[in-house]
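Numbering (the numbering used here), first residue to last: 2 to 202. Beta carbons: idealized from backbone N, C-alpha and C, even for Gly. Beneath this line is the structure, given in structure tokens, with notes to follow.
The structure is reproduced here in structure tokens:
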């Protein structure tokens, strides 16, 4: 278990380092391109940073005092669950508004690049976090892994949406896919919050 805790901390530190750079870049690129996929990706990555910071604290608490692991897991699950809810609601509102107003993103090579690289990085990172969370029986780390995988999916959706709009005129793909991912984030948020450890008395 000591080795697993060290791996969980290492993965969370990588998430924070990657997320601070790529999240801000994706938010700026998404706003400039009018792409909900890229903007949602950036918000998701920044939410992942928040969750990862909570997890670094959670696993370090357990390293120092295993008897406090349950309390730390409970708080970390709350942080990750709240981050997932935030991503879900913000994507759902933005996508619905954009579909109603029939706005479309415009081509941006920076947005495409940010989304493409994020998909490549976040897929293995998210899978590693979910696997380690499973081995540690940590719903918080598994949920944070899902945040990374959602970010990867958003990156792919953003690339496809921008290209479909540019070459096929399908303005709605970026928005429709963002709605679908909002649902996935909401379901995972409910699972993480529902499975939080009970407070010990």
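Query: Same chain, Cβ closer than 7 Å to residue 129, neighbours up to 5 away in sequence not counted; Result: 12
Query: Within 9 Å, strictly: CB atoms of residue 93 and residue 163; Result: no
Query: For residue 97 and residue 16, the rounded distance between their alpha carbons; Result: 29 Å
Query: Whole-angstrom distance between residue 149 and residue 124, CA atom to CA atom; Result: 7 Å
Query: Any 3 or more C-beta pairs closer than 8 Å across the region 40-47 and the region 61-76; Result: no
Query: Burial state of residue 67, where buried means 16 or more other Cβ atoms lie within 10 Å; Result: exposed
Query: Helix, strand or coil at residue 107 [DSSP, three-state]; Result: coil
Query: Residue 139 - containing alpha helix (DSSP H), residue span; Result: Per DSSP, residue 139 belongs to no alpha helix (DSSP H) and is neither H nor E.
Query: For residue 158 and residue 182, believed in contact at Cβ under 8 Å, the rounded distance; Result: 7 Å
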